[in-house]
Structure formats: structure tokens, C-alpha cells
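Set out below in C-alpha cells:
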């Protein structure tokens, strides 16, 4: 990191997490994204803003949604986007992350978007690379662009973040999405609750300024926004909770449970969903769901991030 | 013949704390002379060392060191590790058996002893394995290890998960009067974590190792030690809960001793925020509260020993993502200076410090050392308590440069190290 941004200028070299951002910096990304969202509605969805810039998407974990979203964002800005997928196992046995990074650096990219299974891997890269590094998800640590697009979506739907009651439900312990959103929403003045069985709520989470609930209905009571997290059944079942069936019964979001929330509640999910586990199909497809709008907004927010890291200003965005 | 003149000698075994001249002949301390008395004439040809202004203590005994040889010579060798020890004021190292092949039978212990005699700068006493291949399945050849020179038993680096095997090991070890050193860790609870489980692991998104992963095994081993009557030494204690249980067991008469490392006594989990993989160590750096409890335990005697858990690694083991990096800190060279910080901070008196780094480990391992009484082995360390210096791992004699204390400025420097009457280290400008 090259230091905090002032009110109008983005000064960071990298975007590694939400934790270190100021509210002004978050606002700057969200404001900038508004202009970029419009581009995606045009017939010619392309601006020359990043022409001549090279963006490498380096993914050490499988991803369809995030990688595609970044790729489209880069291409709509006319950057040259290169995708590299590496399986983590081969990296552990062969080339180190540092060597991979230095090899890429030698090709003079401008921005490196990286997803990695190990927490802190983007920080390691940012320290040694000249290129800007964007964290596209590292272990359980952070997924900053997801939190930014989530904040963007809530802002669009509710007109504010300050005072919003947000309930994040599910596997908080293994979720980078939860961490980034907790940092982001609390910084912007929202009241954040986390909801789940004790096994999925990490020790000390209340120090991040959130309320903890272990009962779904109490946890989503009067909520303006409910964010359901994906349950990784393969990994969690039998150890963190007894069965998918029991999880769905106590922590799955159903139309019935939703009665507790505000009448104009919106439902979010970072995807991919397990229908019938953490979210019932009627809720996922129901009127409160903004899940697909999150995906649309993801492109705009990522365009804003790539743009700001390339030295753009909020005022010129979209022109 | 070597005469060390005018140093302040601190020897808690003799109850001595004052200026004295030390005469050393044929590797043995022959006289401690009061300088105010008429001086006995120093024989011609004797080597004289002026130690005025310095403190002279019985040589440090680091009972927890990984020398890596045989098998991992790229990380450390008996030669480089003992040279590092000498530079750290350590005159005896007890080396752990997790080499390749592991030290689980007499031939390996003999190899280590022979190699150390040929190339080692300081005395090396091997610690034999508890189980064959450190696999935790069946007993190592403990009697033969003892014959070959082993002074204790441990599967350090991994716990003995099988409680029945641990019971049998403790019983069998009694037959050969060997203490058992336990690396207390429930691997299932530790769940492949890479740092302490708590607020910092939450923030960094790293898998945590809870304090309970250590404590449940401390509880088990204390129960087994009480049942079997075997002297148990608990390695690298890191949590307040472990301290509490050890204190309570000791009060009941269980034969248990314990050690803590300088890094667990001086650093907290906060250090991991740097993402410096040199902060990755097992057990992990814990919370403020744990560090406080360890310092209290040092003060009240619950923790008997300060040992380095010297775990040298090469850059290829450390220059990785945090969760993929190896556990361990290269520490033998900084053992004296870092632990002296606790003397400067008032946690320990100098006398007490000498007990923790020399007297107690010698007693636990039942080896000669820990005193400068006439007739004892001439292993001694000369210290300048006031001299400040900067820790620069790149200048370590150890092959392992993996220290989280890089660039720390510490007060207290090893000026000279003498092993069996021979000067094996002399600091720059000393």
C-alpha cells in the first residue's frame, strides 16, 4: 500500500482489503462505479479508458463468476486482459508464488488481479511487485471487490448505508466475504449482525463491532438487508453441523422466517447458491432477492477499481 | 591453562556473586580466587583474559535445539549449529531427534556424538526419540539410546498422540532414568492452523491453533506423569492454561519441569500482522495474557528453563505464503541477549536467570554443568550486560536466518564463550 487516499484522489497502489480503507475511499469507489454502471447499459459497451494497459488475472483457485466479472470489467475499459489459472497443488510442489509473480512482473503488467487460497498471498505479491495488486479473494481473509459491490447494491436499493441493519447469515468462520463486508458496512455506519451456529462464528468476532446471534429469526428481526453465505457442504457437514437437512431447518432462509425482517428487506447472496440449504428457492427467486443485480453491479464496481488503480479520478469516470 | 581475571562471577549453585579470578586447567575449573587476597602467582604460559566489567556465568545449556543433521544439512549442520551456539554463549546444546533418519536408535545417537566431538564448537548431548521413526506407534530403542549418550527422550516436533504409548514410554524411561520431554499438541484440535486462534487470526483469515490444542495434552501428560512417576519436562509452554496446570501439578508433587522460549516470552500474536513468516512457530505466538502468565511463571519458578527451540530453516522453507511456510525460529544465537531483556525488565534477577539458562537445564538432563565450583567442567560465558547491539540475522553463524527479531536492538551481549577450558567464541571488539 502506498498510503491512504485523500478525499478526491486515490493514492493506493493496491487494493488488498477493506479493513485498511477509509470511508472516503470506499465512497470514492462507489461513486465512481455509478458512472461505469451506465456504460454496461450502452449498445457499445466499451470505453477506451484503459487502452494500452495490461491486466493479468491470476487465479490460484477455481472461480467462474469473479474471474469473468473482472475480465469483462477490464475489457469494457479496453485493457488487454490475460487470464491465468494455476492449480495450487502444482504451485506448492513447483514454482513458488514469489517466482511466479516475478516472472509475470518481467512482462510489465499494470494490474495483477489475484485470487489465492492462502490468506495474505496478495499482500506478499504487493510487497514485491511494481504492478498494482487487486485481491480477488485470499483464503478466509478478504474479498474486497465483493464487499464493494455489495455496498453498491445496498446503496442503490436503499439510498444509504448509514443506519442500515444488515444480517450476515451462515459460515462466518470460513468466509472472506463476511470479513470484508463486516469491515465495509460498519465503516459506513451500518449495524451488522452475524448469525449462525457457534461452530461457524469465529472467536472474538464481536471485537469487529458486530452483534452475534445464534437464532435465525432473532438475527434477522427488523433487518433491512440479509446476506446469506454459501455453505460449503463437502467441508462442513458432520463436523461443523450434523447434516444439510438440520442446517436448512435452523439456518436456511425461508419465506416463513423472512416475516421477521423489514417488509422491504432485500436478500443478497455472493453465490454460488445451494438452493434448499442456506436459501429456499422461493426466497432466491422471490421479489426481495437482488442476487442477480449484485452480479451486474460487480462489473461496474470492478471497472471502478481498475480505473482508480490506474490513476483515474472520480470526475473523469465514464467519459 | 586459562585465567579469567576480574569478572563478576554469578554462580547461584555456590551462592556466589562477586568479583573473582577463575583458574582453569585441563578443561576444569581449579580455583576461584578472591582478588582482594594476595594473588597466587599465575604460572608462565597461562592465557590471561581480562574480564573486568564483565559478568562471568556458568555456560548456558540450551536444552531445546534442532541441529538438523543428519538429513537436513541444507538447514543446519552440527558444525554450523554449534558455532551458532558458541556465539550465543551456549556451551551445551541438547539436540532433538527429528532428523532424517530420526535419532531413534543407538547408531544415530553415536553418529551425532561422534560428529559433534569431531566438528562441534560446543558440547552436544542428544535427545533420543520416544517412538520408532517418531511415528508414535511403538517404542524406540530407549536403553540403547541411553548407552549411546542420549540424555532425555522426546518426539519433539510432533506429539505422541497414542496415550497408551505415552504411558508405556514414561514407564520404560524410568528404567533407564531418562526424563521424557513432551511436545504438547493435539493435532486434531490444531487443525492445520498456522497461528494462535483469536482476534488476530480472525482478522488475518488464517486458520487458528487454539490454546486448548496445547492444554489438553498438558493435562494428559501431567496425569500420566503422576501415574507413572516419570519425570516429565514440558517443552515450549505457551499458554496461561498450561502454566496453571503445571503449577497445580507441581504443588501436588508431580515430577514436572517446564520451559519457555524467548519468543513466547517476548512476542505476541500481533507480530503475525506483519505477514513475516519468521513469526510462524509451533506452538504459535499467543496473546498478551499468555505472555504475562509465562513471565509470571518464570518469576515464581513454575517455568524452570528458558530454551531457544532453535529451529533453523532455509529461505525455500520460509519465503512462501504464510500458511505454507515452515514453523520455527532460529534462536540459539539470541537466547542469551533476548532472555537478558527479562532481567533488564525486572522479571528475573541475574541469579535467577542463570538458573533458568544453565543450572536447571543441567539438572533436568542430569549432565555436568551449571556451576563454576572448583572441580567442575570449565564451561563458561562472559557477558557485557550493558552493551547494546542490533540483531542482524544475516550475520548469524547458523544457516537459519529465520528470526522475527531482525533489527531489534538488545542490551546485553555475549563477549566470550569457553567450552571445557577452550575459548570457542570471542565477540568483535572483545
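Chains as they are written, first to last, in the working numbering: chain X, 4 to 322; chain D, 74 to 503.
Beta carbons: idealized from backbone N, C-alpha and C, even for Gly.
Predicted model only: the values in this text are computed from it and were never measured.
#1: How about the segment 192–200 of chain X and the segment 164–181 of chain X: do they share at least three Cβ pairs that are nearer than 8 Å?
#2: Just list the alpha helix (DSSP H) runs in the segment 44–97 of chain X, keeping only unbroken ones of 4 residues or longer that don't cross its boundaries, in chain order.
#3: Tell whether a beta-carbon distance below 8 Å holds between residue 357 (chain D) and residue 254 (chain D).
#4: Three-state secondary structure (DSSP) at residue 278 (chain X)?
#5: Using the three-state DSSP reduction, which class does residue 304 (chain X) fall into: helix, strand or coil?
#6: So if I threshold CB-CB distances at 9 Å, which residues from the segment 108–127 of chain X count as touching chain D?
#7: Using 8 Å as the threshold, is the C-beta distance between residue 328 (chain D) and residue 371 (chain D) below it?
#8: Going along chain X in order, which residues have a C-beta closer than 7 Å to the C-beta of residue 395 (chain D)?
#9: Which residues, taken in chain order from the segment 190–220 of chain X, show a beta carbon closer than 8 Å to some beta carbon of chain D?
#10: When the cut-off is 8 Å and only beta carbons count, does residue 266 (chain D) lie next to chain X?
#11: Could you give the distance in angstroms between the alpha-carbon of residue 433 (chain D) and the alpha-carbon of residue 165 (chain D)?
#12: Take residue 217 (chain X) and list the residues in its own chain whose beta-carbon comes closer than 8 Å to its own, dropping the five residues that flank it on each side.
#13: Could you say which of D:336, D:307, D:82, D:311 lies nearest to residue 322 (chain D) if we only look at CA atoms?
#14: Cβ closer than 8 Å: which chain D residues qualify as neighbours of residue 141 (chain X)?
#15: State the beta-bridge partners of residue 75 (chain D) as determined by DSSP.
#16: Can at least three beta-carbon pairs, one atom from the segment 79–88 of chain D and one from the segment 126–139 of chain D, be found at a separation below 8 Å?
#17: Out of curiosity, what's the CA-to-CA distance linking residue 136 (chain D) and residue 277 (chain D)?
#18: Below 6 Å CB to CB, which residues in the same chain sit around residue 88 (chain X) once its five sequence neighbours on both sides are set aside?
#19: Can you tell me where the alpha helix (DSSP H) holding residue 324 (chain D) begins and where it ends?
#20: Contact criterion: CB-CB distance below 8 Å. Does residue 100 (chain D) meet it with respect to chain X?
#21: Measuring CB to CB, does residue 68 (chain X) end up less than 8 Å from residue 274 (chain X)?
#22: Contact defined as beta carbons within less than 8 Å: I believe residue 221 (chain D) pairs with residue 186 (chain D). What is the distance between those atoms, to the nearest angstrom?
#23: Only counting the same chain, and skipping five residues up and downstream in sequence, which positions put a Cβ closer than 6 Å to that of residue 505 (chain D)?
#24: Leaving out five residues on either side along the sequence, give the residues of the same chain with a beta carbon under 8 Å from the beta carbon of residue 33 (chain D).
#25: So, does the CB of residue 262 (chain D) fall closer than 8 Å to a CB anywhere in chain A?
#26: Suppose contacts are defined by Cβ-Cβ distances below 8 Å. Is residue 18 (chain X) in contact with residue 308 (chain X) by that definition?
#27: Could you pull out every unbroken alpha helix (DSSP H) segment of at least 4 residues lying fully inside the segment 425–498 of chain D, listed in chain order?
#28: Could you give the distance in angstroms between the alpha-carbon of residue 363 (chain D) and the alpha-carbon of residue 156 (chain X)?
#29: Quick check on DSSP: helix, strand or coil for residue 125 (chain D)?
#30: Reducing DSSP to helix, strand and coil, say where residue 4 (chain X) ends up.
#31: Alpha carbon to alpha carbon, how far is residue 6 (chain X) from residue 145 (chain D)?
#32: Residues of chain X with a CB under 7 Å from the CB of residue 483 (chain D): which are they?
#33: Return the CA-CA distance between residue 251 (chain X) and residue 484 (chain D), expressed in angstroms with no decimal places.
#34: List the endpoints of the continuous beta strand (DSSP E) containing residue 166 (chain D).
#35: Should the segment 312–319 of chain D be regarded as contacting the segment 285–296 of chain D, the criterion being three or more beta carbon pairs within less than 8 Å?
#36: Classify residue 281 (chain D) as helix, strand or coil using the three-state DSSP reduction.
Straight from the coordinates:
#1: yes
#2: 68–79, 91–96
#3: In the second chain, the residue the question calls residue 357 (chain D) occupies position 284. In the second chain, the residue the question calls residue 254 (chain D) occupies position 181. If you check the CB distance, residue 357 (chain D) and residue 254 (chain D) do not come in under 8 Å.
#4: On the first chain, position 275 is the one that residue 278 (chain X) refers to. It is a strand residue.
#5: Translated into the one-based positions of the first chain, residue 304 (chain X) becomes position 301. DSSP places residue 304 (chain X) in helix when its eight states are reduced to three.
#6: 119, 120, 121, 122, 123, 124, 126, 127
#7: As a working mapping, residue 328 (chain D) is identified with position 255 in the second chain. As a working mapping, residue 371 (chain D) is identified with position 298 in the second chain. Not in contact: residue 328 (chain D) and residue 371 (chain D) (Cβ atoms no closer than 8 Å).
#8: Against the second chain, residue 395 (chain D) aligns to sequence position 322. Within chain X, the residues near residue 395 (chain D) are 121, 122, 123.
#9: 205, 206, 207, 208, 210, 211
#10: Here the question's residue 266 (chain D) lines up with position 193 in the second chain. No, no contact with chain X.
#11: Numbered from its first residue, the second chain carries residue 433 (chain D) at position 360. Numbered from its first residue, the second chain carries residue 165 (chain D) at position 92. The alpha-carbon separation between residue 433 (chain D) and residue 165 (chain D) amounts to approximately 13 Å.
#12: Residue mapping note: residue 217 (chain X) aligns to position 214 of the first chain, counting from 1. Only 198, 199, 200, 201, 204 meet the Cβ criterion.
#13: Locating residue 322 (chain D) in the second chain gives position 249, where the first residue counts as 1. Cα-wise, what sits closest to residue 322 (chain D) is D:307.
#14: Here residue 141 (chain X) is taken as the residue at index 138 of the first chain, counted from 1. Per Cβ cutoff of 8 Å: 278.
#15: Translated into positions along the second chain, residue 75 (chain D) becomes position 2. In DSSP, residue 75 (chain D) forms a bridge with D:97, D:120.
#16: yes
#17: Within the second chain, the letter at position 63 stands for residue 136 (chain D). Within the second chain, the letter at position 204 stands for residue 277 (chain D). Roughly 33 Å between the two C-alpha positions.
#18: For the purposes of this step, residue 88 (chain X) is taken as residue 85 along the first chain, with counting starting at 1. Excluding positions up to five away in sequence, the list reads 62.
#19: On the second chain, position 251 is the one that residue 324 (chain D) refers to. Looking at the DSSP string, the run of the alpha helix (DSSP H) that includes residue 324 (chain D) is 313–324.
#20: Walking along the second chain from the start, residue 100 (chain D) turns up at place 27. Among the CB atoms of chain X, none fall inside 8 Å of the CB of residue 100 (chain D).
#21: Taking the first residue of the first chain as position 1, residue 68 (chain X) is located at position 65. Taking the first residue of the first chain as position 1, residue 274 (chain X) is located at position 271. Contact flag set, yes.
#22: Translated into positions along the second chain, residue 221 (chain D) becomes position 148. Translated into positions along the second chain, residue 186 (chain D) becomes position 113. With 8 Å as the limit, residue 221 (chain D) and residue 186 (chain D) qualify as a contact, their Cβ atoms being about 7 Å apart.
#23: The question about residue 505 (chain D) has no answer, for chain D in this structure spans 74 to 503.
#24: This structure cannot speak to residue 33 (chain D), because chain D is shown only from 74 to 503.
#25: No chain A appears in the structure shown, which is made up of the protein chains X and D.
#26: As a position in the first chain, residue 18 (chain X) is number 15, starting the count at 1. As a position in the first chain, residue 308 (chain X) is number 305, starting the count at 1. The answer is yes: Cβ separation under 8 Å.
#27: 433–438
#28: Numbered from its first residue, the second chain carries residue 363 (chain D) at position 290. Numbered from its first residue, the first chain carries residue 156 (chain X) at position 153. Using only the alpha carbons, I get a separation of about 43 Å.
#29: Position 52 of the second chain, counting from 1, holds the residue named residue 125 (chain D). It is coil, neither helix nor strand.
#30: If you number the first chain from 1, residue 4 (chain X) lands on position 1. Its pLDDT being 37, under 50, residue 4 (chain X) is placed unreliably by the model, and the measurement read from it follows with that caveat. If DSSP states are grouped into helix, strand and coil, residue 4 (chain X) belongs with coil.
#31: Start at 1 with the first residue of the first chain, and residue 6 (chain X) comes out as number 3. Start at 1 with the first residue of the second chain, and residue 145 (chain D) comes out as number 72. In this predicted model, residue 6 (chain X) has a pLDDT of only 41, less than 50, meaning its place in the structure is not dependable; the value taken from the coordinates is given anyway. Their backbone Cα atoms lie some 42 Å apart in a straight line.
#32: To locate residue 483 (chain D), count along the second chain from 1; it is residue 410. For residue 483 (chain D), no chain X residue has a Cβ inside 7 Å of its Cβ, as the nearest lies near 26 Å away.
#33: Translated into the one-based positions of the first chain, residue 251 (chain X) becomes position 248. Translated into the one-based positions of the second chain, residue 484 (chain D) becomes position 411. So the alpha carbons of these two residues sit roughly 60 Å apart.
#34: Mapped onto the second chain, residue 166 (chain D) falls at position 93. From DSSP, the beta strand (DSSP E) with residue 166 (chain D) extends over 163–168.
#35: Three or more Cβ pairs closer than 8 Å define a contact, and the segment 312–319 of chain D meets that threshold against the segment 285–296 of chain D.
#36: What you label residue 281 (chain D) is simply residue 208 of the second chain in a count that begins at 1. If DSSP states are grouped into helix, strand and coil, residue 281 (chain D) belongs with the strands.
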